[in-house]
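Residue numbers (this note's numbering): 1 to 200.
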């Protein structure tokens with residue numbers, strides 16, 4: 001058996017994706033479930049999970065809320081762009097991005113070159129339900145949550161639609177959405193399907 005086939009068979013047994021695979025980048029509005037789904041997806045794909053917001057806070061030494069208050073949104077977006085670029089220049093991961101990250105043209109280009117983008121599309125009522133659980137989202141402190149989310153949806157959804165894959169984020173068990181993402185990824189990579197960790 002050729003060496004490449006032996007290596008691929010060994011990878012399949014280990015439940016790991018091909019080392020040449022690209023990162024899986026989750027995009028979507030706050031409350032879409034990027035972190036929750038991302039952790040489970042990373043486990044299924046045997047990849048590290050990285051939360052871009054957490055990496056930004058680590059690099060800045062303060063919370064995102066503090067960055068917004070002390071330096072403004074523009075400074076945050078610039079740091080976000082640089083952090084995401086650094087992550088994507090590394091080994092493949094499952095990356096959960098902030099809601100505004102994909103709006104940056106340079107970041108979109110970086111994701112296209114190094115990853116497979118997955119938009120977790122969610123309806124307004126679900127976003128309202130989920131974002132109501134936390135009070136640390138700077139953009140939602142500027143007025144009525146429903147109105148703000150409606151505005152963000154109108155602005156961002158047309159850009160999110162450029163993603164390689166669109167999956168509806170459901171108000172049910174997270175694993176249902178994870179399975180939908182896995183099916184979509186397999187379809188996106190028909191010539192070299194993403195190899196999952198051993199089915200649980």
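Glycine is no exception: its CB is placed at the ideal position from the N, C-alpha and C atoms.
None of the values given here were measured: they were computed from a predicted structure.
Residue from the options with nearest C-alpha to residue i
| i | options | result |
| --- | --- | --- |
| residue 110 | 132, 131 and 95 | 95 |
| residue 174 | 63, 21, 44 and 151 | 44 |
| residue 73 | 152, 100, 85 and 129 | 100 |
Chain-order list of residues whose beta-carbon lies under 6 angstroms from that of residue i (same chain, five-residue window excluded)
| i | result |
| --- | --- |
| residue 32 | 120, 122 and 169 |
| residue 39 | 49 |
| residue 93 | 23, 47, 48 and 50 |
Cut-off 7 angstroms between Cβ atoms - residues of its own chain near residue i, not counting five sequence neighbours on either side
| i | result |
| --- | --- |
| residue 81 | 104, 106 and 107 |
| residue 53 | 64 and 98 |
Start and end residues, alpha helix (DSSP H) containing residue i
| i | result |
| --- | --- |
| residue 115 | Run containing residue 115: none in the alpha helix (DSSP H); it sits in the beta strand (DSSP E), 115-121. |
| residue 83 | 73-88 |
| residue 127 | 124-131 |
| residue 53 | 52-60 |
The beta strand (DSSP E) enclosing residue i, as first and last residue numbers
| i | result |
| --- | --- |
| residue 260 | Within the shown structure, residues of the chain are numbered from 1 to 200, placing residue 260 beyond reach of any answer. |
| residue 26 | 23-27 |
| residue 95 | 94-96 |
CB contact flag (residue i, residue j, <8 angstroms)
| i | j | result |
| --- | --- | --- |
| residue 148 | residue 97 | no |
| residue 171 | residue 126 | yes |
| residue 67 | residue 75 | yes |
Residue i to residue j span [Cα, whole Å]
| i | j | result |
| --- | --- | --- |
| residue 37 | residue 178 | 6 angstroms |
| residue 188 | residue 165 | 8 angstroms |
| residue 117 | residue 156 | 15 angstroms |
| residue 34 | residue 25 | 9 angstroms |
| residue 130 | residue 113 | 31 angstroms |
| residue 56 | residue 69 | 15 angstroms |
Close beta carbons around residue i, own chain, < 8 angstroms, minus the five adjacent residues each side
| i | result |
| --- | --- |
| residue 132 | 145 |
| residue 167 | 118, 119, 120, 121, 177, 180, 181 and 184 |
| residue 62 | 70 |
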